[in-house]
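For reference, the structure is listed below as structure tokens.
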DNA sequence: CTTGACCCTGTAGTTAGATACAGGGTCTAG
DNA sequence: CTAGACCCTGTATCTAACTACAGGGTCAAG
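Protein chains in written order, with the numbering used here: chain G, -8 to 140; chain H, -8 to 140.
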């Protein structure tokens, strides 16, 4: 058979069967042909397309952004500079998240180092640091940390 | 006045007024006394408690985990080892997220370096890498990246 | 011809951490 | 006494990327 059912495509591309319907709704996978009984029949190359989606996601692109990349990819003779631009922008946002996470790591490391774990709760330097943290080394940490998503 | 209204507490502690009701529902802030007109009256030290919540959040603790820390803190004569354990565990999970993010950064960096942006879309090495990414250097990247939250 | 695996649609639920709104009551300055 | 600022509750909405479910139809083996 040259075509795949939804379940076959799910198995072949390693995603959940429901995710495929979701991708179709989001326009990430083109609406496939249907059989007389209204079953989806996917062409083989849809496997590759789903791989692309997972690959771009693994690089930190949201499905919205993946859709944009797919639109760019759809015009193969155009220059690929827009793709490069998006990759650079994503790299930059990843760098920012790294900075934020490293600040958190540094703060946690300092606290863990400083606390013996032997004293009573009321003298705990870790708890004290949390009390102070609204204005501290990891300031606006919440904002930055939230930004990690 | 020795007590604060909800709006005053929100301003004093730098959170949204609705967040306070949310925290109360989650048990992070104790239910305050009420006036005859059913208005909340917070004792001054609630400001400190909200600071603690924001501080712990900034270090990467979820509200669920913050609640646990608050329960630990509530018994001031007990040993603070459990707090240290939780900080160490959080540090470890932050390290893992860092590893994942650094792998993503490395992959993006390699792609951005390799692509001139001058060629046509159909030869784009970035797009090709995404096609291959279900089994690549950033493998199971989705899982790891999702894990960043 | 029945059983079980698969497929269809539409809708609702999940996670986390809030934020927003509707429809009321209260309080205070002028 | 009234305008506007504040407070109350309960419920809905948001983001992202799915996942689950109900209630039905289809198909292939035995």
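Note that beta-carbon positions come from the ideal geometry of N, C-alpha and C, so glycine has one too.
Helix, strand or coil for residue 14 (chain G)? Go by DSSP, reduced to three states.
helix
Can you check whether the C-beta of residue 70 (chain G) is within less than 8 Å of a C-beta belonging to chain H?
yes
In or out: residue 26 (chain G) buried (at least 16 other Cβ within 10 Å) or exposed?
exposed
To be precise: take each residue of the stretch 32 to 56 of chain G, compare its Cβ to all Cβ atoms of chain H, and keep it if any distance is under 8 Å. Which residues remain?
39, 42, 43, 45, 46, 47, 48, 49, 50, 51
Chain H contact for residue 117 (chain G) (CB, 8 Å cutoff)
yes
Note down, in chain order, all residues in the stretch 78 to 96 of chain G with a beta-carbon under 9 Å from any beta-carbon belonging to chain H.
78, 79, 81, 82, 85, 86, 88, 89, 92, 93, 95, 96
So with Cβ pairs under 8 Å, would you call residue 108 (chain H) a contact of chain G?
yes
Since residue 66 (chain H) meets chain G, which of its residues come closer than 8 Å, beta carbon to beta carbon?
112
Could you tell me the alpha carbon to alpha carbon distance between residue 31 (chain G) and residue -4 (chain G), rounded to whole angstroms?
6 Å
Which residues share a DSSP beta bridge with residue 150 (chain G)?
The structure shown does not extend to residue 150 (chain G), since chain G spans only -8 to 140, so no value can be given for it.
Would you say residue 112 (chain H) and residue 66 (chain G) are within 8 Å of each other, going by their C-beta atoms?
yes
If you check the beta carbons only, do residue 19 (chain G) and residue 54 (chain G) fall under 8 Å apart?
yes
Helix, strand or coil at residue 76 (chain H) according to DSSP, with G and I counted as helix
helix
On a CA-only basis, which of H:0, H:96, H:74 is nearest residue 82 (chain G)? Give me that one, please.
H:96
Considering only residues of the same chain and omitting the five flanking positions on each side of residue 22 (chain H), which have a CB-CB separation below 7 Å?
15
Counting Cβ pairs, one atom from each stretch, are 3 or more of them under 8 Å apart for the stretch 35 to 45 of chain H and the stretch -2 to 10 of chain H?
yes
Using the rule of at least 16 other Cβ atoms within 10 Å of the residue's Cβ for burial, across every protein chain shown, is residue 51 (chain G) buried or exposed?
buried
Report the three-state DSSP secondary structure of residue 70 (chain G) (helix, strand or coil).
strand
Thinking residue 71 (chain H) and residue -2 (chain G) are a contact (beta carbons under 8 Å), I'd like their distance in whole angstroms, please.
About 53 Å separates the two Cβ atoms, so there is no contact after all.
Pair within 8 Å by beta-carbon distance, residue -6 (chain H) and residue 34 (chain H):
yes
With DSSP as the reference, identify every bridge partner of residue 25 (chain G), one or two as the case may be.
G:31
Note the first and the last residue of the continuous alpha helix (DSSP H) segment covering residue 63 (chain G).
54 to 64
Assuming residue 117 (chain G) and residue 57 (chain H) make a contact with CB atoms under 8 Å, what is their CB distance in whole Å?
About 13 Å; that fails the 8 Å criterion.
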